[in-house]
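Residue numbers (the working numbering): 634 to 880.
Every residue gets a Cβ at the ideal spot worked out from N, C-alpha and C, and that includes glycine.
Here is the structure:
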């Protein structure tokens, strides 16, 4: 059984997919494909062991301060800080960051965004939870997790402690970074995942029930096309699609 499930996932092209995670990455995959860039190279800030790699199905450089399982062989891990990326200007076609900025203390977020703009030649994609309603849901989930598991979950604790940025915080940081790097950018913003849908999916993520775990992690993959349409406000996350234009 241990080897059968990965084989089935590979057969259907969903190896290492998770419904909750797919909903944040698939819109970014669409944007990257839409660019039709030759020899696309991608760096992901805060990738952990998987990141976008299972969804884009190509090699990706993953940048993070630590790496732990699960892993995928198409992600090349680079252990480094998002505040000082060990690559030259314009080293990658695309730089992405999904649900990473909220885990950086607010005063350092602008520097992380500046580094994304610096190393990207064509496209920067940032996904980040935004707003008071998202903050309130994170706080409620933190309490629910602690009640269910009798312990805290580090990532929820961190983003509740640091607080979430605003749309204005992100757009201003992008504009400042572009000016600093002498780049011309165009910013488009997309809403991503309705708050009620996220709450529902997070219940499965928190569950200690094996059957519920299987349903929410595997069976729900069948519903991804439907879930992708549920981006009505209020949403948890905003996606910032930043096209870098020739000067």
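query                                                                                                               : result
Opening and closing residue of the alpha helix (DSSP H) in which residue 734 lies                                   : Premise fails: residue 734 is in no alpha helix (DSSP H) and is neither H nor E.
Straight-line Cα distance separating residue 844 from residue 833                                                   : 16 Å
Through-space distance from residue 659 to residue 757, alpha-carbon basis                                          : 15 Å
Residue 775 classed as buried or exposed, judged by whether at least 16 other C-beta atoms fall within 10 angstroms : buried
Pair within 7 Å by beta-carbon distance, residue 863 and residue 827                                                : yes
Spatial distance of residue 670 from residue 726 (CA atoms)                                                         : 8 Å
Buried or exposed by the 16-neighbour rule on C-beta atoms within 10 Å, applied to residue 745                      : buried
Buried versus exposed call for residue 772 [16 or more other C-beta atoms within 10 Å across all chains shown]      : exposed
Limits of the beta strand (DSSP E) - the one that residue 877 falls within                                          : 868–878
For residue 755 and residue 793, the rounded distance between their alpha carbons                                   : 33 Å
Distance between residue 743 and residue 681 (C-alpha atoms, nearest Å)                                             : 21 Å
Simplified DSSP state of residue 806, which is helix, strand or coil                                                : helix
Buried or exposed by the 16-neighbour rule on C-beta atoms within 10 Å, applied to residue 706                      : exposed
Sufficient close CB pairs (3 or more, under 8 Å) joining the stretch 721–740 to the stretch 797–809                 : yes
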